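Engineer: Below is a structure I'd like to ask you about.
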Amino acid sequence: MRRQVRVRFAPSPTGALHIGGARTALFNYLFAKKNKGKLILRIEDTDKERSQKVFEKDIKTNLKWLGLKWDEEYYQSKRVTLYKKYLQQLLKKDLAYKQAGAVYFRTPTTGKIVVKDIIRGSVEFSASDVDDFVIQKSDGGFVFHFVNVIDDWDMKISHVIRGEDHLSNTPKHILLFKALGADIPEYVHIPLILNEDRSKMSKRTNDVNFADYAAKGYLPEALINFLVQLGWSDPKGREFFSLKELINVFDLSRVQKAGAVFDLKYLNHHNHHYLSQLSPSAYYKLAKPYIPFRGTESYHKKVLSLLQERAEYLAQLPELMGFFYKTSDYDKSLLVFKKSSPAQTVNGLSSSIKVLSALTEKSWTEKKLQQILDTTAAAEGLMPGDIFWPVRVALSGLSGSPSPVELLSVLGKKESIKRLEIALKKLNG
Ligand code: GLU
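With the first letter of the sequence shown counted as 1, position 409 gets the number 412 in my numbering; the numbers rise by one all the way through.
This is how it looks when you write it as structure tokens:
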């Protein structure tokens with residue numbers, strides 16, 4: 004009979020959750036759910052000096068935020084009695100020895116150690132390359148390798164799914180499992196995460212702190228899809244999945260061996276997709292904390308309706324929204340459409356001001372505004388660009404923005420005319 008699938012995410016709370024850790028947790032979660040198994044969260048907090056409660060909290064909060072629920076939870080700091088028991092056992096059998104206050108595990112000098120890895124096949128190490136190593140430090144603290152193995156055994160872990168950076172530790176772990184007379188779990192070493200230049204991703208080159216992405220307004224749905232594709236891909240090339248759908252399609256045997264490149268543009272693409280799918284009220288609720296400008300809820304909502312399709316993440320909103328709340332400075336040359344001239348632009352702006360001023364507040368609708376500007380261009384013998392371009396620049400101060408009619412509609416009559424007059428003054432000045 005096959006063993007029940009039991010996997011674990013085993014972070015050391017010596018730092019906050021990082022992108023790589025979040026991906027490891029996700030792969031473990033998907034594999035557990037797919038196989039109707041259990042996911043265990045094991046906090047590896049044996050390093051008393053470097054482990055901190057804030058990091059523990061950060062890890063758990065972010066896993067929950069992603070929707071990755073675990074079934075059991077353990078803290079290594081509470082399991083010391085168990086570790087002491089097995090340490091005594093190894094000492095008694097002479098598989099470990101004391102030296103200078105520390106306890107060393109005795110490793111064989113000849114033979115091969117084979118790591119059977121679901122992604123990598125059999126990876127061979129030579130036993131002579133593994134020197135005797137410390138399992139308990141002279142201050143009494145237990146070393147990672149030892150407690151990691153005891154817990155994997157005691158917690159009946161069926162598959163160890165972890166980062167490729169641990170592959171070099173695995174021979175030590177296999178030797179420990181054997182010494183303890185324990186079953187060896189199946190191994191799955193998932194690929195390293197790389198920068199675009201294929202160097203190993205680090206804090207210097209990318210933001211690796213997971214919580215920073217949540218803080219910038221990336222959605223859990225987007226991060227899940229992005230993280231899962233750091234090493235895995237759908238056979239049909241599909242990009243967007245719910246967590247539930249991923250449980251069905253995810254397959255460890257499709258995880259690549261080669262490093263997975265972290266492409267921020269791809270994350271933005273995912274986030275843009277999920278942001279643009281939100282209802283206006285859901286979008287407003289999420290966007291609200293990012294709005295630094297004063298305004299009524301209904302004005303904010305109107306502004307956001309023009310930007311929902313534009314922002315890749317919510318922290319971009321203050322910059323995208325700015326001109327809706329305050330006039331921005333721009334160079335007057337920006338007002339002139341590339342196929343036009345300053346004289347024609349002056350004509351376009353002044354005739355726009357004239358017709359727009361005559362429009363009542365009630366008629367200030369996108370449809371009417373479009374109509375009236377079209378008619379004015381034709382009547383004045385101007386190109387559409389002589390009117391629509393400078394009006395848009397006058398209102399936004401930018402070379403790229405929502406359409407002039409949308410801007411007029413959201414800014415309203417009074418503010419729009421004020422900005423158009425400023426623009427005209429700039430050109431005449
Ligand atoms: N505490 C180790 C780490 O955070 C766990 C490694 C493992 O999954 O075995 O890297």
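For glycine and all other residues, C-beta sits at the position ideal for the given N, C-alpha and C. Bear in mind the structure is a predicted one, so any value in this text is a computation, not a measurement.
S402 to V349, Cα distance in whole Å?
Structural biologist: 18 Å
Engineer: From this set, A19, G184, V146 and N172, which residue's C-alpha is nearest Q92's C-alpha?
Structural biologist: G184
Engineer: Quick one: residues in its chain with C-beta nearer than 7 Å to the C-beta of S129, no 5 flanking neighbours on either side, listed in chain order?
Structural biologist: K115
Engineer: Give the range of the alpha helix (DSSP H) segment to which H192 is assigned.
Structural biologist: Run containing H192: none in the alpha helix (DSSP H); it sits in the beta strand (DSSP E), E189 to I193.
Engineer: Identify which residue in Y86, N198, D215 and K428 has its Cα closest to the Cα of R207.
Structural biologist: N198
Engineer: When burial is assigned at 16 or more other CB atoms within 10 Å of the CB, is N455 buried or exposed?
Structural biologist: The structure shown has nothing for residue 455, since the chain only spans 4 to 432.
Engineer: Between the alpha carbons of S205 and N65, how many angstroms are there, rounded?
Structural biologist: 20 Å
Engineer: Can you check which of these residues, N31, E47 and D50, is closest to K41 by C-alpha distance?
Structural biologist: In this structure, N31 is the residue among N31, E47 and D50 with its C-alpha nearest to the C-alpha of K41.
Engineer: Inspect the CB distances between the region 301 to 315 and the region 252 to 266 and report whether three or more fall short of 8 Å.
Structural biologist: These segments do not touch.
Engineer: If you check the beta carbons only, do V126 and V118 fall under 8 Å apart?
Structural biologist: yes
Engineer: So, using beta-carbon positions, are Q55 and P16 closer together than 8 Å?
Structural biologist: yes
Engineer: Tell me whether the beta-carbon of A19 lies closer than 8 Å to the beta-carbon of F213.
Structural biologist: yes
Engineer: Give a yes or no on whether the C-beta atoms belonging to H162 and V10 are separated by under 8 Å.
Structural biologist: yes
Engineer: Tell me whether the region 384 to 395 and the region 279 to 296 touch, counting them as touching only if at least three CB pairs, one residue from each stretch, are closer than 8 Å.
Structural biologist: With a cut-off of 8 Å, the region 279 to 296 and the region 384 to 395 do not count as touching, because too few Cβ pairs lie within range.
Engineer: Shortest alpha-carbon distance to I122 belongs to which of G166, A346 and S301?
Structural biologist: Residue G166 is the option with its Cα nearest to I122.
Engineer: Taking the runs of the alpha helix (DSSP H) that are 4 residues or longer, which of them lie wholly in the region 297 to 362?
Structural biologist: 300 to 310, 320 to 324 and 345 to 361
Engineer: Below 7 Å, is the gap between the Cβ of A105 and the nearest heavy atom of the ligand GLU?
Structural biologist: no
Engineer: Using C-beta distances below 8 Å, list every residue in its chain close to G325, excluding the 5 sequence neighbours before and after it, in chain order.
Structural biologist: Closer than 8 Å at the Cβ level, and outside the excluded window around G325, lie F296 and S331.
Engineer: Taking the beta carbon of S399 as the centre, do at least 16 other beta carbons fall within 10 Å, making it buried, or is it exposed?
Structural biologist: buried
Engineer: Do E418 and E369 have their C-beta atoms closer together than 8 Å?
Structural biologist: no
Engineer: Got a sec? Which residues, its chain only, sit under 6 Å from K412 by beta carbon, not counting five neighbours each side?
Structural biologist: One detail in the question is off: residue 412 reads as Ser in this sequence, not Lys. Closer than 6 Å at the Cβ level, and outside the excluded window around S412, lie E369.
Engineer: Output the distance between the C-alpha atoms of I160 and L307, rounded to the nearest integer angstrom.
Structural biologist: Straight-line spacing of the CA atoms in I160 and L307 works out to 48 Å.
Engineer: Quick one: measure Cβ to Cβ for I390 and T379, integer angstroms, because I've assumed they're closer than 8 Å.
Structural biologist: 6 Å
Engineer: Leaving out five residues before and five after W73 in sequence, what residues of the same chain have Cβ atoms less than 6 Å from its Cβ?
Structural biologist: Within the same chain, and ignoring the five residues on either side of W73 in sequence, the residues whose Cβ sits closer than 6 Å to its Cβ are L42 and L44.
Engineer: For Y287, I'd like the list of residues in its chain whose CB is within less than 8 Å of its CB, leaving aside the five on either flank, ordered along the chain.
Structural biologist: E300, H303, K304 and L307
Engineer: Is Y190 buried or exposed, if buried means 16 or more other CB atoms sit within 10 Å of its CB?
Structural biologist: buried
Engineer: Excluding five sequence neighbours on each side, which residues of the same chain lie with their C-beta closer than 6 Å to the C-beta of G104?
Structural biologist: S141
Engineer: In or out: Y89 buried (at least 16 other Cβ within 10 Å) or exposed?
Structural biologist: buried
Engineer: Does the ligand GLU have even one heavy atom less than 7 Å from the beta-carbon of E47?
Structural biologist: Inclusion of E47 in the 7 Å shell around the ligand GLU follows from its C-beta lying nearer than that to a non-hydrogen atom of the ligand.
Engineer: Please go through the region 169 to 252 and give each complete beta strand (DSSP E) segment of 3 or more residues, from N-terminal end onward.
Structural biologist: 189 to 193
Engineer: What did DSSP end up calling L385 once you bin it into helix, strand or coil?
Structural biologist: When DSSP states are grouped into helix, strand and coil, L385 belongs to the coil group.
Engineer: Looking at N274 and Y221, is the spacing between their C-beta atoms short of 8 Å?
Structural biologist: yes
Engineer: Pull up the DSSP beta-bridge partners for F12, would you.
Structural biologist: Per DSSP, L44.
Engineer: If you count every other CB in all the chains shown that lies within 10 Å of the CB of Q2, and 16 or more means buried, which is it?
Structural biologist: Past the boundaries of the shown model lies residue 2; the chain is included only from 4 to 432, so the question cannot be answered.
Engineer: Nearest CA to the CA of T84: which residue from S353, H272, L338 and F145?
Structural biologist: F145
Engineer: Can you determine whether any heavy atom of the ligand GLU sits closer than 7 Å to the C-beta of N209, and answer yes or no?
Structural biologist: no
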